Amino acid sequence: MRHLITWSDYQVADIRRILDVAADLKKLCLQGIRPPVLERRVIGLLFEKPSLRTRVSFESLAYQTGGASLFLGDDVGWGSREPARDFFPILTSYIDCLVIRAKRHQDVVNASHLSRCPVINGLTDLAHPCQALADLMTIEEIAGTLENVKIAYFGDANNVAFSLAQLACKLGVRFSIAAPRAYQFAAATCHQIRERSSQSDLFEQTEDPAVAADNANFLYTDVWTSMGQEVERERRMKDLAAYQVNERLFAFANDNARFLHCLPARRGEEVAQSVIDGERSATLQQAENRLHAQKGLVVWMLTELER
Ligand code: CP
Ligand code: NVA
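Structure below.
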């Protein structure tokens, strides 16, 4: 049984297989063919924070593949009604896969230790691995390859940045992040990303947006204030103002560079409206790919791996 908590312990061959299953199922889905590959499987969703893409894509992929989903609200009493050591073994004995969106990363790690079925991280303060999977799927669709591709990321080194950096560098994609010192990855995180990269020079961290954007194929950003950080919003707006993805930044990038954002976005803050609503934006394709990428992931986890 495998969980997906972060991409750290995943082998390239497994990720490659997930992406290939996802691409095959997407092709079929777009032709109106939805093989019942998860027939009678049940995916549970335990969310502590709001969600559009993650929740609906998982729920929908369950139905599309002949399974079912259960969105678990407050009344199940996670963290309030009984201890985790009772809650998780019982919950996971009813279902085949559990997606958790949690405030604290450690809560998902603990849940995975107590779980009887695969646990998927649906976003924590540390990581957002499902987003990164859809991002790499989108990049491969647009670029036609993952070779000689550079992603430039601007702004807070947050959960989205962390998973994207991990997965990109593992798959041989260059990842350059530009952020002010206080918003950069810690040295230990940089070390961890570099250690698991397919080549040593794929990861770069800088304060200069022009350095990150230089010759990049994809310019990526996320909100400056993540869920749960609302009290810091004013300070973050000031500190990160120079890292907005706009026309000026695109001038440093590759001529055919595209824009990516995990969404939801704040137009006029981390990204100029002309960029996110313009021709270079691939954000809708990226959001749609949450469905296909996660379908590949769950099918791989539940049908190709030994339980
Ligand atoms: N990008 C993403 O995870 O969106 P949601 O918060 O809507 O799930
Ligand atoms: N960094 C954002 C991502 C939302 C999908 C957050 O954690 O709120």
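Take 14 as the starting number for the sequence shown in my numbering and just add one per residue.
Where a beta carbon is used, it is the ideal one built from N, C-alpha and C, also for glycine.
These numbers were taken from a predicted model, which means no experiment stands behind them.
- Task: Would you mind stating whether glutamate 283 and leucine 253 have Cβ atoms separated by less than 9 Å?
- Result: yes
- Query: Three-state secondary structure (DSSP) at glycine 57?
  - Reply: strand
- Item | phenylalanine 188 (DSSP reduced to helix, strand or coil) | strand
- Query: Does DSSP put threonine 137 in a helix, a strand or coil?
  - Reply: coil
- Can aspartate 235 be considered in contact with the ligand NVA, in the sense that its beta carbon sits closer than 8 Å to one or more heavy atoms? Yes; taking the cut-off as 8 Å, the Cβ of aspartate 235 has a heavy atom of the ligand NVA nearer than that.
- Query: Any idea if serine 213 is buried or exposed, counting beta-carbon neighbours within 10 angstroms, 16 or more meaning buried?
  - Reply: exposed
- Does the distance from the CB of serine 294 to the CB of histidine 274 come in under 9 Å? yes
- Message: Quick check on serine 82: does DSSP put it in helix, strand or coil?
- Response: strand
- Item | For leucine 17, three-class secondary structure by DSSP | strand
- Message: Could you give the first and the last residue of the continuous alpha helix (DSSP H) run that contains lysine 40?
- Response: Element bounds for lysine 40: 25-43.
- Query: At which residues does the beta strand (DSSP E) containing isoleucine 113 begin and terminate?
  - Reply: 110-114
- Task: Taking glutamine 312 and leucine 38 to be in contact with their CB atoms under 8 Å, please state how far apart those CB atoms are, rounded to whole angstroms.
- Result: Note that residue 312 corresponds to valine in the displayed sequence, not to glutamine. Contact holds; Cβ gap of about 7 Å.
- Run the CB neighbour count on proline 96, radius 10 Å, all protein chains shown included, and call it buried at 16 or more, exposed below. exposed
- Item | Heavy atom of the ligand CP within 8 Å of glutamine 307 beta-carbon | no
- Item | Touch test, the stretch 83-101 against the stretch 112-130, Cβ-Cβ under 8 Å, three pairs minimum | A contact exists between the stretch 83-101 and the stretch 112-130.
- Message: Quick check: phenylalanine 272 and leucine 297, are their CB atoms within less than 9 Å of each other?
- Response: In this structure, phenylalanine 272 sits away from leucine 297, with a CB-CB distance that is not shorter than 9 Å.
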